[in-house]
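Colleague: Every letter in the sequence shown is one number past the one before it in our numbering, and letter 377, counting from 1, is 377.
Virtual Cβ for every residue (Gly too), placed ideally from N, Cα, C.
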Amino acid sequence: MDRVFGAGERVGVLTAEPLGRVLDYRAPEGGCGSGDFVEVPLGPRKVLGVVWGQGDGSFDMAKLRSISRVLDAPPMRDELRSFLTRAADYTLTPLSAMLRLATRTPGLGAAPGTRRIYRLAGPAPNKLTDARLRVIEALRDYGGASVTLAELCEAASCTASVVKGLVTLGVIAEEDAPRDLPFPSLNPAGTARLMGDQVAAGDALVAAVAQGGYGTTLLKGVTGSGKTEVYLEAVAECLRHGRQALVLLPEIALTAEFLTRVEARFGARPAEWHSGVTMTERRRVWKMVGQGAAQMVVGARSALFLPFQHLGLIVVDEEHDTSYKQEEGVLYNARDMAVLRAAICGCQVVLASATPSLESWVNADQGKYTRLDLGARYGAAELPEMRAIDMRAERLAADRWISEPLARAVTARVAAGEQALLFLNRRGFAPVTICRACGHQVGCDHCDARMVEHRFLKRLVCHQCGATKPVPTACPECKVEGRMAPVGPGVERLAEEVTARFPDARVAVLSSDLFGSARALKAQIESIAQGGADIIIGTQIVAKGHNFPLLTLVGVIDADLGLQGSDLRAAERTFQLMRQVAGRAGRSGERRGVALLQSHQPEHPVIRAILGGDEEAFWRAEAAERRAAGVPPYGRMAGIILSGPDVQKVFDFGGELARRDGPLRRIGAQVFGPAPAPIARVRGRHRVRLLVKADKGVPLQAALAEWVGQLKPPANLRVAVDIDPQSFF
Ligand code: ADP
Ligand code: ZN
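Shown next, in the form of structure tokens:
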């Protein structure tokens, strides 16, 4: 509750330090109010904090230190404070860690002042050194965002003198700008040109935003049906009401195309928030969002924690995407947290996807979410024709992965001047390096994982911890020389086969690890979109919404890959991924796309569902299975990962926890394990997991907190609780 505290009064301050509680301080000269951002002394340091309310009195008044100063920023709103509190309770995360997510911006306390920034000012001269060209490209990339000299030099990997040289030439302007300029205002006027199903969907979203209050809508529409076009109308309505809009995207590489669309629709670029944004710009975004001077933010999941003043709409695009689940540090699912924040502040949520998560599908089915459908692709574009290639009937030579029918289709498309995409969800050259003499497979020294050969780097890489080592010439086990061999394909190896088989085709490989920077990846994507390649080989980054107009054929090298393993979401994930990948084909509408799925089990129900196209039947069947098994979204789960250097101690602790399951039994929950986690060792730490299953609607978090709180873990043993785990590694 809003309260004002007079100078010297006892107040509670939450800091982002891992102290486990709110600390008492004295209100400073001039007083302070709840929600104020403050700087407080903590030991010898000064740290950022937020006035959380009245002090709890546990500390001797005589010894209380004073708040150093109140920062010049609008106070954190009640709504955000309750969001952080509820999110902390839900994810069983300390509140301080939640506050850190909400204040992860350097220099929040710095005085406004001015600073020197750089921008493009004139045409680039014809003759340019590489370094100068990089500077100009970096500035183009920032698209008008504030950049300092240090940031520019880093982005362009050049020295300050290169930048200064361009300033002298008049290509770049150097100016003192006030820190943290407001964002240009967006113009929501203009009318949409929605067609067909889009009209009703757009009207419904606009009405929901106009009415105000909380509501969640699942906007389901096949790839290319115009979901973005439709939800931008909801954004427009939100802006017309003077409220702020937040659009979450699952992948930084998608923001460039999206920003261009926003600029075309609203006449200016919105604020951008993700790991690729400079610190200077992040500070500007944080401040301007807090002052209401940024109307729209496009960002990654952590944008949910920005201090919006009057949020009216949150869009979660590609809501099924697994990258919305943060898997390190604070374990939260941005899709679910978006709904939570919206419920607290009374705003609308749009979850957009061609292949919704089963959770959202069920919520819509049960009437908790409104559902809107876009049935067809926009304009003349049709969904691709999907067929399986039965790999049992194909005779492939050793180290070949492209079947004859797929190769013929590729040849035909390339000959017609179209593009073909070969999809293989495996980075690197070969997933396994084996000794032909003794059968030994090279593993990571710190993890229970096989090392993946990356020929591009000329090394073996552990995909768990990132450790690398040279490809051995002699077997590390039996010492025999010259018998080490790669087994199985990764995208780099597939590229070798493609180059050998289609020597005249221009081949591009899209894999997140092959690009030094998000910028290089973006440039590659743009070049492909403009026809700079005939055959594209890609991992799952190509499945994420990129638009390649010339692409008409998608070949899936191994459609069975995701079906192996016991993950409860294996079927759902495979279905989503295959449909998304196939959806890249034939988007321009000039020629219908084809998707060919190489499979050893074409009669598998999931493969049949992918090919058959009766999506609702697939979701219904999948939902029925989950319901029968009492697993999410019909039951609740939590994963407890224990890790430590001594495997016996980790198991002993897990066993002790499992025995003391009283608090869980009281809510009817069951605990399974301890068992070695699927990846039983990462970075030298042994990992053991317990899995808790409960009915929906029981107070799971409270029971978990009580249960885990019974035992203090020994030094060096870490306990991580993962509510609603998405992956089981
Ligand atoms: P989705 O988000 O469902 O994949 P998009 O909104 O990206 O679909 O639309 C696919 C393509 O069709 C885009 O190039 C978009 O500009 C175009 N498009 C969709 N709806 C319309 C419309 N009503 N008028 C003009 N172009 C449209
Ligand atoms: Zn490793």
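Please give the ranges of any beta strand (DSSP E) in the region 17–74, keeping only runs that are unbroken, at least 3 residues long and fully inside the region.
Modeller: Fully enclosed beta strand (DSSP E) runs of 3 or longer: 23–26, 37–42 and 45–54.
Colleague: Considering only their Cβ atoms, is the gap separating I537 from L406 smaller than 9 Å?
Modeller: Indexing the sequence shown from 1 puts residue 406 at position 406. Indexing the sequence shown from 1 puts residue 537 at position 537. Cβ distance not < 9 Å, so L406 and I537 don't count as in contact.
Colleague: Below 8 Å, how does it come out for the region 268–278 and the region 210–219: are there three or more Cβ pairs, yes or no?
Modeller: No, because fewer than three Cβ pairs between the region 268–278 and the region 210–219 fall closer than 8 Å, the two stretches do not touch.
Colleague: Can you tell me where the beta strand (DSSP E) with E272 in it begins and where it stops?
Modeller: As a position in the sequence shown, residue 272 is number 272, starting the count at 1. First-last of the beta strand (DSSP E) with E272: A271 to W273.
Colleague: Which residues in the same chain have their Cβ closer than 7 Å to the Cβ of M578, if we skip the five residues on either side of it in sequence?
Modeller: Working through the sequence shown from its first residue, we reach residue 578 at position 578. Result list for M578: V556, A559, L597 and I610, in chain order.
Colleague: What three-state label does DSSP hand L642 in the structure shown?
Modeller: As a working note, residue 642 is residue 642 in the sequence shown. L642: strand per DSSP, three-state reduction.
Colleague: Use the C-beta contact count for H463: other C-beta atoms within 10 angstroms, 16 or more gives buried, fewer gives exposed.
Modeller: Counting from one through the sequence shown, the residue named residue 463 turns up at place 463. Looking at its Cβ environment, which holds 16 or more other Cβ atoms inside 10 Å, H463 is buried.
Colleague: Looking at the structure shown, is G346 part of a helix, part of a strand, or coil, going by DSSP?
Modeller: The sequence position of residue 346 within the sequence shown is 346, counting from 1. If DSSP states are grouped into helix, strand and coil, G346 belongs with coil.
Colleague: Just the C-alpha distance for E39 and V13, rounded to the nearest angstrom, thanks.
Modeller: Residue 39 sits at position 39 when you count from the first residue of the sequence shown. Residue 13 sits at position 13 when you count from the first residue of the sequence shown. Distance between the alpha carbons of E39 and V13 is about 10 Å.
Colleague: Can you determine whether any heavy atom of the ligand ADP sits closer than 8 Å to the C-beta of Q198, and answer yes or no?
Modeller: By one-based count along the sequence shown, residue 198 stands at place 198. Checking every heavy atom of the ligand ADP against the Cβ of Q198, one is found closer than 8 Å.
Colleague: When the Cα atoms are used, what is the spatial distance from A102 to P307?
Modeller: Position 102 of the sequence shown holds residue 102. Position 307 of the sequence shown holds residue 307. Roughly 8 Å between the two C-alpha positions.
Colleague: May I ask you to report which of helix, strand or coil DSSP gives D203?
Modeller: Sequence index remark: in the sequence shown, residue 203 carries index 203 (1-based). Looking at D203 - three-state DSSP - the assignment turns out to be helix.
Colleague: How long is the line joining the alpha carbons of T433 and P503, rounded to whole angstroms?
Modeller: Within the sequence shown, the letter at position 433 stands for residue 433. Within the sequence shown, the letter at position 503 stands for residue 503. Rounded to the nearest angstrom, the two C-alpha atoms are 27 Å apart.
Colleague: Looking only at its chain, what residues have a beta carbon closer than 7 Å to the beta carbon of A437, apart from the 5 residues adjacent to it on each side?
Modeller: Translated into the one-based positions of the sequence shown, residue 437 becomes position 437. Contacts found: C475, C478, V480 and R483.
Colleague: Check the C-beta distance from R21 over to M61 and give it rounded, since I have them as a contact under 8 Å.
Modeller: Looking up residue 21 in the sequence shown gives position 21. Looking up residue 61 in the sequence shown gives position 61. That belief does not hold up - the Cβ atoms of R21 and M61 are roughly 17 Å apart, past 8 Å.
Colleague: Please state whether the Cβ-Cβ distance between V247 and V315 is less than 9 Å.
Modeller: Along the sequence shown, read from residue 1 onward, the residue named residue 247 stands at position 247. Along the sequence shown, read from residue 1 onward, the residue named residue 315 stands at position 315. Going by C-beta atoms, V247 is nearer than 9 Å to V315.
Colleague: Using three-state DSSP, classify T217 as helix, strand or coil.
Modeller: Taking the sequence shown and counting its residues from 1, the one referred to as residue 217 is at position 217. In this structure, T217 counts as strand in the three-state DSSP scheme.
Colleague: Between the beta-carbon of D722 and the beta-carbon of G639, is there less than 9 Å?
Modeller: Residue 722 sits at position 722 when you count from the first residue of the sequence shown. Residue 639 sits at position 639 when you count from the first residue of the sequence shown. Yes, Cβ-Cβ distance for D722 and G639 is below 9 Å.
Colleague: Taking DSSP's pairing of strands, which residues face G299 in a bridge?
Modeller: Within the sequence shown, numbered from 1, the residue matching residue 299 stands at position 299. Partner(s): L248 and W273.
Colleague: Say whether the region 491–508 touches the region 524–541, bearing in mind that this needs 3 or more beta-carbon pairs closer than 8 Å, one atom from each stretch.
Modeller: The region 491–508, when compared against the region 524–541, does touch it at the 8 Å Cβ threshold.
Colleague: To the nearest angstrom, how far is it from the Cα of F266 to the Cα of V135?
Modeller: Indexing the sequence shown from 1 puts residue 266 at position 266. Indexing the sequence shown from 1 puts residue 135 at position 135. Cα-Cα distance, rounded: 28 Å.
Colleague: Which partner residues of V432 appear in the DSSP bridge assignment?
Modeller: Locating residue 432 in the sequence shown gives position 432, counting from the first residue. Partner(s): V487.
Colleague: Given that a residue counts as buried once 16 or more other Cβ atoms are within 10 Å of its Cβ, and exposed if not, what is L311?
Modeller: Within the sequence shown, residue 311 is the residue found at index 311, counting from 1. Result: buried.
Colleague: Classify D445 as helix, strand or coil using the three-state DSSP reduction.
Modeller: Position 445 of the sequence shown, counting from 1, holds the residue named residue 445. Coil.
Colleague: So is R665 buried or exposed if we call it buried at 16+ other beta carbons inside 10 Å?
Modeller: Taking the sequence shown and counting its residues from 1, one reaches residue 665 at position 665. R665 comes out exposed.
Colleague: Hey, out of V410, L95, G290 and A88, whose CA is closest to L19's CA?
Modeller: Looking up residue 19 in the sequence shown gives position 19. Ranking V410, L95, G290 and A88 by Cα distance to L19 puts L95 first.
Colleague: Return the chain-ordered list of same chain residues with a C-beta closer than 6 Å to the C-beta of R681, the five sequence neighbours on each side being excluded.
Modeller: Counting from 1 along the sequence shown, the entry for residue 681 is found at position 681. Excluding positions up to five away in sequence, the list reads C447 and D448.
Colleague: Using only CA atoms, which one of G668, I667, V650 and K693 lies nearest to P674?
Modeller: Locating residue 674 in the sequence shown gives position 674, where the first residue counts as 1. Nearest option by C-alpha distance: V650.
Colleague: Please give me, in chain order, every unbroken run of the beta strand (DSSP E) with length at least 3 that falls completely inside the region 516–588.
Modeller: For the region 516–588, whole beta strand (DSSP E) runs of length 3 or above, ordered along the chain, are 535–538 and 551–556.
Colleague: Give a yes or no on whether the C-beta atoms belonging to G532 and R501 are separated by under 9 Å.
Modeller: As a working note, residue 532 is residue 532 in the sequence shown. As a working note, residue 501 is residue 501 in the sequence shown. In this structure, R501 does not lie closer than 9 Å to G532 by Cβ.
Colleague: Excluding five sequence neighbours on each side, which residues of the same chain lie with their C-beta closer than 8 Å to the C-beta of G57?
Modeller: To locate residue 57, count along the sequence shown from 1; it is residue 57. R10 and D24, listed in sequence order.
Colleague: Can you tell me where the alpha helix (DSSP H) with T228 in it begins and where it stops?
Modeller: Sequence index remark: in the sequence shown, residue 228 carries index 228 (1-based). It spans K227 to R240 - the alpha helix (DSSP H) in which T228 sits, taken as one unbroken run.
Colleague: Measuring from the CB of G586, is there a heavy atom of the ligand ADP at a distance below 8 Å?
Modeller: Your numbering for residue 586 matches position 586 in the sequence shown. G586: no, Cβ never under 8 Å from the ligand ADP.
Colleague: Could you check if A675 belongs to the surroundings of the ligand ADP, using beta carbon to heavy atom distance under 8 Å?
Modeller: Locating residue 675 in the sequence shown gives position 675, where the first residue counts as 1. Outside the cutoff, so no.
Colleague: Cβ-heavy atom distance between A354 and the ligand ADP below 8 Å?
Modeller: Here residue 354 corresponds to residue number 354 of the sequence shown, with the count starting at 1. Yes.
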